[in-house]
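A short worksheet on the structure shown next.
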Amino acid sequence: TQLLEQSPQFLSIQEGENLTVYCNSSSVFSSLQWYRQEPGEGPVLLVTVVTGGEVKKLKRLTFQFGDARKDSSLHITAAQPGDTGLYLCAGGDSGYALNFGKGTSLLVTP
Amino acid sequence: DAGITQSPRHKVTETGTPVTLRCHQTENHRYMYWYRQDPGHGLRLIHYSYGVKDTDKGEVSDGYSVSRSKTEDFLLTLESATSSQTSVYFCAISESRTGSRNQPQHFGDGTRLSIL
């Protein structure tokens with residue numbers, strides 16, 4: 035199993051602040067996905083990155099895949115309370131399944 | 025939203041009893057997965073299926089079995105439930121694209137299972 039380490043584990047910020055969360059591995063992934071999970075619900079896909087160095091933007095969220103395809107980051111600009119949730123990264127290898135990190139729990143207070 | 029229904033949504037049962045969780049999809053996706061989510065461990069794969077009657081073990085398969093007799097249904101069975109299997113269980117699906125693995129997964133809303 036290829037391990038994905040996410041940091042920080044917990045993050046509590048005020049509305050309007052910027053933040054970055056990280057997803058790191060010693061293994062190369064063919065693709066990497068970011069999900070957000072809210073309490074009582076299943077994870078929901080935010081983005082998939084497949085090319086080393088790729089940057090994708092989703093409104094105030096910016097996702098980057100490392101050049102070597104071993105790491106990724108998620109940057110949120112001007113966080114809002116609606117961004118609160120558990121952010122999970124998941125990497126794909128040569129198989130059918132995904133390997134999930136343990137997640138970063140984000141709380142944005144007004 | 026992907027059409028994935030998990031049932032039941034909540035269940036409390038006793039140690040030693042059999043438990044079956046059901047995942048039903050309306051998307052006709054080839055791949056289906058069962059995960060458990062626990063504090064400090066994240067999402068861990070139990071079993072997955074890559075077609076009718078085609079299943080394989082994941083990271084934490086001990087104590088669990090699965091069956092897939094129809095494309096739309098994937099059942100997870102705990103033959104004799106133990107307290108360590110208290111968890112939130114998620115089903116996920118993904119579609120198949122030729123030459124491309126690791127497609128995005130769409131999750132159900134989970135089943136909260138408590139074993140006393």
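Chains as they are written, first to last, in the numbering used here: chain C, 35 to 144; chain R, 25 to 140.
Note that beta-carbon positions come from the ideal geometry of N, C-alpha and C, so glycine has one too.
CB contact flag (residue i, residue j, <9 Å)
| i | j | result |
| --- | --- | --- |
| residue 84 of chain R | residue 68 of chain R | yes |
| residue 48 of chain R | residue 79 of chain R | no |
| residue 140 of chain R | residue 111 of chain R | no |
| residue 65 of chain R | residue 90 of chain R | no |
| residue 88 of chain R | residue 74 of chain R | no |
| residue 98 of chain R | residue 77 of chain C | no |
| residue 34 of chain R | residue 130 of chain R | no |
| residue 66 of chain C | residue 41 of chain C | no |
| residue 106 of chain R | residue 39 of chain R | yes |
| residue 39 of chain C | residue 57 of chain C | yes |
| residue 118 of chain C | residue 108 of chain C | no |
| residue 57 of chain R | residue 82 of chain R | yes |
| residue 119 of chain R | residue 51 of chain R | yes |
| residue 59 of chain R | residue 63 of chain C | no |
Simplified DSSP state of residue i, which is helix, strand or coil
| i | result |
| --- | --- |
| residue 105 of chain C | strand |
| residue 109 of chain R | helix |
| residue 116 of chain C | helix |
| residue 131 of chain C | coil |
| residue 39 of chain R | coil |
| residue 45 of chain C | strand |
| residue 123 of chain R | Unreliable placement is indicated for residue 123 of chain R, whose pLDDT of 49 sits below 50; no coordinate value is reported for it. |
| residue 52 of chain R | coil |
| residue 33 of chain R | coil |
| residue 136 of chain R | strand |
| residue 100 of chain C | coil |
| residue 91 of chain C | strand |
| residue 129 of chain R | coil |
| residue 138 of chain C | strand |
| residue 27 of chain R | coil |
Own chain partners of residue i with C-beta closer than 8 Å, once the 5 adjacent residues on each side are dropped
| i | result |
| --- | --- |
| residue 76 of chain R | 92, 93, 94 and 95 |
| residue 92 of chain C | 80 and 81 |
| residue 75 of chain C | none |
| residue 86 of chain C | 99, 100, 101, 102 and 103 |
| residue 132 of chain R | 28, 29, 30, 47, 114, 115 and 116 |
Check: residue i C-beta below 8 Å from any heavy atom of the ligand SAH
| i | result |
| --- | --- |
| residue 40 of chain C | This structure does not include the ligand SAH; it has no bound ligands of any sort. |
Residues near residue i in its chain [Cβ-Cβ closer than 7 Å; skip 5 each side]
| i | result |
| --- | --- |
| residue 111 of chain C | 52 and 94 |
| residue 144 of chain C | 49 and 115 |
| residue 32 of chain R | 135 |
| residue 137 of chain C | 40, 120, 121 and 122 |
| residue 36 of chain R | 138 and 140 |
Neighbour flag for residue i against chain A, beta carbons, 9 Å
| i | result |
| --- | --- |
| residue 134 of chain C | No chain A appears in this structure, whose protein chains are C and R. |
Residues of its chain near residue i, where Cβ-Cβ distance is below 6 Å and the 5 sequence neighbours each way are ignored
| i | result |
| --- | --- |
| residue 139 of chain C | 44 and 120 |
| residue 84 of chain C | 65 |
| residue 46 of chain C | 141 |
| residue 62 of chain R | 111 |
| residue 54 of chain C | 107 and 109 |
Secondary structure, beta strand (DSSP E): runs of 3+ residues fully inside the stretch 63–107 of chain R:
Every unbroken stretch of the beta strand (DSSP E) spanning 3 or more residues and falling wholly within the stretch 63–107 of chain R is given here in chain order: 66–75, 78–81, 88–94 and 97–102.
Contact residues within the stretch 93–114 of chain R, judged by C-beta distance below 9 Å to chain C:
Under the 9 Å Cβ criterion, the stretch 93–114 of chain R contributes 114.
Compile a chain-ordered list of the residues in the stretch 25–48 of chain R whose CB is closer than 7 Å to at least one CB of chain C.
Flagged: no residues at all.
Every unbroken alpha helix (DSSP H) within the stretch 43–89 of chain C, with a cutoff of 4 residues, ordered by chain:
Within the stretch 43–89 of chain C, no run of alpha helix (DSSP H) at least 4 residues long lies entirely inside it.
Counting only Cβ-Cβ distances shorter than 7 Å, please list the residues of the stretch 76–93 of chain C near chain R, keeping chain order.
Against chain R - using a Cβ distance shorter than 7 Å - the residues of the stretch 76–93 of chain C are 76, 77, 79 and 82.
Name, going along the chain, the residues of the stretch 68–85 of chain R whose beta-carbon falls closer than 9 Å to a beta-carbon of chain C.
Result list: 68, 69, 72, 74, 80, 82 and 83.
Residues, ordered as in the chain, of the stretch 111–122 of chain C that lie near chain R by beta-carbon distance below 8 Å
Going along the stretch 111–122 of chain C in chain order, one finds 122 with a Cβ nearer than 8 Å to chain R.
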